[in-house]
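For reference, the structure discussed in these notes is given below.
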Amino acid sequence: MDMRELFLRVTSFEPYDYQLRAWRKISEIMEEGGKVVIEVPTAGGKTEAAIFPYLYQIVSGDWKVPRLIYVLPTRSLVEKQAERIRKLLVKVLQLKGFGEETASTMSRKMVQIEYGLTETHAFLGFILLTTWDAFLYGLAAHRTVGSRFTFPAGAIAESLVVFDEVQMYQDEVLYMPRLIGLVIEKLSEANVPLVFMTATLPTELKRMLNIGGGELVRVEESDTKKPRRGRVSVEVRKSSLEEFKEEIENALKSGKRVLIIRNTVSSAVKTYKWVKENFPNNSKVIVHSRFTQQDRKRKEQEIEDADIIVATQVVEAGLDLPNVGLVITDLAPLDALIQRVGRCARREGEVGKAIIVLPELENVENERVVFGFNELEEKVLTGFRDVEGIHSNVEGQVVELTVLYREENKIKDKKFYAGSVKNKKVAEKLKKRKKDLYFIPYQTLPYDPLILLRSYDHSKNIEEYLFDIEKSRKALDEVYGEHYKNNIVPKEYYSAYIYFRELKLFSAPPEYELNARPELFAMLYPLKSPKENEKVELNSDKIIRVSFNWLDSNWKRLEIGFKIVRDGDGYVIKKTSENKPKAYQ
């Protein structure tokens, strides 16, 4: 049985031409080391393209690598993908001769999830799914034999490592992609076989991630068997959610599902309340990042049957939602919009609709406002001469720009403010230079306002970007150009750079803290009636992970009175009178 026949018997489908090419190249790097980059539009079968060379070893008995490590940007994606791979593995094991019950038991044992929440994470298991954070800490862990023996680095070195949804490995200061680039460089030097998968990736981000020079696999014009998705019409509207009630009703009546994506948890919660009031007879679910692991598992089951799904960015990638006929989304960065709209009409022959919602105008009757750069009166020439952050608060970032434009054969400049008009700091600037000002009439949180302006300019072409990787990349390069050019390397990167440059098999771990992300996170643990000095058995399923910025702004409202501290081999509850998260003191 060759790989093509295995795929056919496991999935009941013939493989796409690009998948056959990917399997050949991945099989080669499993023997010799190297990089393969799979760039295929959403709903194109990238997961199967990446993992079938590993699964084929179970049938053939010819083992080139003993382990598959599958790295994803978020925990919610890890859970979903683990279940998907388990189902594929069950069928492979059945073809090997195992009964269904035995294959199911073996699959659960062979596919492991690693979040780094346990004391010892050795990265064992035939197929391991993990987050970027846990992967980094596993690579940088102790390598010397002491009182405890941990060896994740060795496990990584002898694995096929797959990085999925790599477009999501970025942050405001581009710390993560730079750090990932360092890690990839070290793994490449060790001839570890690496696979990268994405549907949308700007050129500069590709360079930062150090994945240039890898074997590129795409859908070619000449391919006879290739992914074909449904058609999605895209509208951009300046409206409130109330005005979409009829659109939602029509989609539900036609038997389609509705996906509503908001940029923040608070707006998602408000939207979910509105949905419950207006659609009481339809099944509904809300999904965001502040649920416990226990809640997430339950909600992933509910998603399968929900008529209306309200969510934040957590559904942008890795989620295959069948029969979604209507997507309503906030304006977001272009790559996020492509992913969000890509949740709709994923099967050939389906027809769907996506609506990009522009927020209702704030109090800007007397101001000149723009949603994108193509609405500027002046023709901007070379982008921005200066970019300066002048204020940032819960309403979002406000930046001052100097744009260059041509007027009567002269090059002139103009101040331009991006952010909320309600911001007092901006109001002061208004008085001084009103004739030179434009404003974005909506809150930009949690995104860079410059990226939103550029994304708006491209929003009407999103359907085209769903099908054409090259056009998508050119648009993303325009959207992120200034962001990459004006970004300052964070200081944390240099300490990580030094550490990974000197990394050896028996290196000691770094004496300083090595952060996987530019922002610290806190873990909240809900308890019904906590008591001083009471011992606690931590259940990782109950942990809620939040950012320190969010915790700082919500500290008083949460009324946190206890903390969990280590006590010997366990944990104990202690009272706390701290008025801020500890990292801020």
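At position 90 of the sequence shown the residue is numbered 90 (UniProt numbering), and the sequence of numbers has no breaks. Note that the Cβ used here is the ideal one computed from N, Cα and C, for glycine as well.
Asked                                                                                                                                                                                             : Found
Can you tell me the Cβ-Cβ gap for residue 217 and residue 36, rounded? I've got them flagged as a contact below 8 Å.                                                                              : 6 Å
Is the segment 14-25 in contact with the segment 173-191, if contact means three or more CB pairs nearer than 8 Å?                                                                                : no
Give me the Cα-Cα distance between residue 73 and residue 468, rounded to the nearest whole angstrom.                                                                                             : 24 Å
Are residue 534 and residue 575 closer than 9 Å when you measure CB to CB?                                                                                                                        : no
Is residue 268 closer than 9 Å to residue 311 when the C-beta atoms are compared?                                                                                                                 : yes
Helix, strand or coil: which one does DSSP assign to residue 558?                                                                                                                                 : helix
State the Cα-Cα distance for the pair residue 527 and residue 291, rounded to the nearest angstrom.                                                                                               : 15 Å
Report, in whole angstroms, the separation of the C-beta atoms of residue 40 and residue 227, which I expect to be a contact under 8 Å.                                                           : 7 Å
Within a Cβ cutoff of 7 Å, which residues of the same chain sit near residue 177, ignoring the five residues on either side of it in sequence?                                                    : 169, 170, 205, 208 and 209
Give the straight-line distance between the Cα atoms of residue 560 and residue 263, rounded to the nearest whole angstrom.                                                                       : 27 Å
Please go through the same chain and pick out, in chain order, the residues whose beta-carbon is closer than 6 Å to the beta-carbon of residue 46, but skip the five residues on each side of it. : 38, 40 and 197
Can you give the Cα-Cα distance for residue 530 and residue 566, rounded to whole angstroms?                                                                                                      : 16 Å
Alpha carbon to alpha carbon, what distance is there between residue 68 and residue 96?                                                                                                           : 19 Å
Quick check for students: name the residue ranges of the alpha helix (DSSP H) that lie wholly in the segment 71-97, counting only runs of 4 or more.                                              : 75-95
Can you look up residue 199 in the DSSP assignment and give me helix, strand or coil?                                                                                                             : coil
Residue 19 lies in the alpha helix (DSSP H); which residues open and close that run?                                                                                                              : 17-32
Which of the three DSSP states, helix, strand or coil, is assigned to residue 373?                                                                                                                : helix
Is it buried or exposed for residue 154, if we count other Cβ within 10 angstroms and need 16 for buried?                                                                                         : exposed
Would you mind sorting residue 348 into buried or exposed? The rule is 16 or more other CB atoms within 10 Å of its CB.                                                                           : exposed
According to the neighbour-count rule (16 or more other Cβ atoms, all chains shown, within 10 Å of its Cβ), is residue 79 buried or exposed?                                                      : buried
In whole angstroms, what separates the C-alpha of residue 65 from that of residue 303?                                                                                                            : 35 Å
Using a Cβ-Cβ cut-off of 8 Å (strictly less than) and excluding sequence neighbours within five positions of residue 571, which residues of its own chain qualify?                                : 535, 536, 537, 538, 564 and 565
In three-state DSSP terms, what is residue 43?                                                                                                                                                    : coil
What three-state label does DSSP hand residue 208 in the structure shown?                                                                                                                         : helix
Could you give the distance in angstroms between the alpha-carbon of residue 324 and the alpha-carbon of residue 258?                                                                             : 6 Å
Work out the CA separation of residue 16 and residue 98 for me, nearest whole Å.                                                                                                                  : 28 Å
Starting from the N-terminal side, write out each stretch of the beta strand (DSSP E) that is 3 residues or longer and does not extend beyond the segment 243-300.                                : 257-261 and 284-287
Output the residue ranges of the alpha helix (DSSP H) runs that lie fully inside the segment 150-188 and measure 4 residues or longer, sorted by chain position.                                  : 152-157
In this structure, how does DSSP classify residue 137 when only helix, strand and coil are distinguished?                                                                                         : helix
Which residues in the same chain have their Cβ closer than 7 Å to the Cβ of residue 91, if we skip the five residues on either side of it in sequence?                                            : 10
Who are residue 567's beta bridge partners in DSSP?                                                                                                                                               : 570
Using the C-alpha atoms, what's the distance from residue 573 back to residue 461?                                                                                                                : 54 Å
Hey, quick one: how far does the alpha helix (DSSP H) through residue 451 stretch, first residue to last?                                                                                         : 449-458
Between the beta-carbon of residue 331 and the beta-carbon of residue 371, is there less than 9 Å?                                                                                                : yes
Could you give the residue range of the beta strand (DSSP E) that holds residue 352?                                                                                                              : 351-358
What is the DSSP secondary structure of residue 474, counted as helix, strand or coil?                                                                                                            : helix
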